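Colleague: Could you have a look at this structure, given as structure tokens, before my questions?
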Amino acid sequence: NAGVMQNPRHLVRRRGQEARLRCSPVKGHSHVYWYRQLPEEGLKFMVYLQKENIIDESGMPKERFSAEFPKEGPSILRIQQVVRGDSAAYFCASSPIGGLTTDTQYFGPGTRLTVL
Amino acid sequence: GENVEQHPSTLSVQEGDSAVIKCTYSDSASNYFPWYKQELGKRPQLIIDIRSNVGEKKDQRIAVTLNKTAKHFSLHITETQPEDSAVYFCAASKLTGGGNKLTFGTGTQLKVEL
């Protein structure tokens, strides 16, 4: 009965490198959300994906950030040319097939990104 | 877009006392209001949620109330215990059947003292 899995749990990158964060949703869940949490702050929505589709990316920076949720495999949040301001905890959440009664989001343990 | 404000930012209570955390939201179309508990370095965990068609929901020592007219909702924890110490986040969203983007409050650090 695995919940949402994220890896790596901790990631250290130097400025200018790429960060790749992975999220495996709860088995059977086809909706994935990514949130960013800066130190001492709340979670901010970044992007919402269904299998092979980006539904809402209104919270994602226009440059350097991208996300995907392929037909097979985990969802990936990719940050190119990282800067110190990207240091944060990145949480993935999943929910079952969309519908008014299936809306609960289950969060993963997060990936803590540190940019040196 | 939706904006959620949360108060207080820190709350200290004695064990056994009650704790109340309040949130207001701006978008009258929001209809789903979950509360998450986050312990240090851990994932946010859903503790209770409420939909706009009800005014109150209770689960053991935890209750949530919703006032749609005033656009505010509150979390009530009774008989607090040291293990209730954590950061609590409220959130709001519009359930449309096509997604559930959550807008979070800034969090309340609850400390239950012995």
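So the sequence lines, in the order shown, correspond to chains L and C.
Each residue of the first sequence is one higher than the one before, starting from 1 at the first, in our numbering.
Each residue of the second sequence is one higher than the one before, starting from 117 at the first, in our numbering.
By construction, the Cβ of each residue, glycine as well, lies at the ideal position given by its N, Cα and C atoms.
Given the structure is predicted, the values throughout are model-derived calculations rather than measurements.
1) In terms of residues, what are the limits of the beta strand (DSSP E) holding C:P229?
2) Does the beta-carbon of L:D103 have 16 or more other beta-carbons within 10 angstroms, so that it is buried, or is it exposed?
3) Determine the DSSP secondary structure at L:R84, reduced to helix, strand or coil.
4) For chain C, check one thing: does any of its Cβ atoms lie closer than 7 Å to the Cβ of L:Y90?
5) Let me make sure I understand the geometry here. Which of C:Y141, C:E155, C:E229 and C:L162 has the alpha-carbon closest to that of C:Q197?
6) Just the C-alpha distance for C:Q154 and L:E52, rounded to the nearest angstrom, thanks.
7) What are the boundary residues of the beta strand (DSSP E) that L:S75 is part of?
8) Going by DSSP, what residue range makes up the beta strand (DSSP E) through C:D165?
9) In chain order, what residues of the same chain lie with their CB nearer than 6 Å to the CB of C:Q225, ignoring the 5 residues before and after it?
10) Measure the alpha-carbon distance for L:G59 versus L:P70 and round it to whole angstroms.
11) Just the C-alpha distance for C:A135 and C:V129, rounded to the nearest angstrom, thanks.
12) Using beta carbons (cut-off 7 Å, strictly below), is L:G16 in contact with chain C?
13) Within the continuous beta strand (DSSP E) that includes C:E121, where are the two ends?
14) Report yes if the CB atom of L:P109 is closer than 7 Å to the CB atom of L:Q37, and no otherwise.
15) In angstroms, rounded to a whole number, what distance separates the CA positions of C:A145 and C:S168?
16) Give the residues from the segment 133-156 of chain C that approach chain L closer than 7 Å (Cβ to any Cβ), ordered along the chain.
17) So which residues on chain L does C:D200 lean against when the C-beta distance must stay under 8 Å?
18) Taking 8 Å as the cut-off, does the segment 26-46 of chain L touch the segment 77-93 of chain L (at least 3 CB pairs, one atom from each stretch)?
19) Is it right to say C:K158 is buried, meaning 16 or more other beta carbons lie within 10 angstroms of its own, or is it exposed?
20) Following the continuous beta strand (DSSP E) through L:L38, name the residue where it begins and the one where it ends.
21) Any Cβ of chain C within less than 7 Å of the Cβ of L:P39?
Modeller: From the atom records:
1) According to the sequence shown, residue 229 of chain C is Glu rather than Pro. From DSSP, the beta strand (DSSP E) with C:E229 extends over T224 to E229.
2) buried
3) In this structure, L:R84 counts as helix in the three-state DSSP scheme.
4) no
5) C:E229
6) 30 Å
7) S75 to I79
8) Q161 to R167
9) T126 and V203
10) Taking the straight line joining both Cα atoms gives about 20 Å.
11) 7 Å
12) Using a Cβ-Cβ cut-off of 7 Å, L:G16 does not count as an interface residue toward chain C, since no Cβ of chain C sits closer than that to its own.
13) V120 to H123
14) no
15) The alpha-carbon atoms of C:A145 and C:S168 are separated by roughly 10 Å.
16) Under the 7 Å Cβ criterion, the segment 133-156 of chain C contributes Y148.
17) Chain L residues near C:D200: none, gap ~19 Å exceeds 8 Å.
18) yes
19) Burial is judged here by how many other beta carbons sit within 10 angstroms of a residue's own beta carbon; C:K158 has fewer than 16 and is exposed.
20) Run containing L:L38: none; DSSP gives neither H nor E here.
21) no
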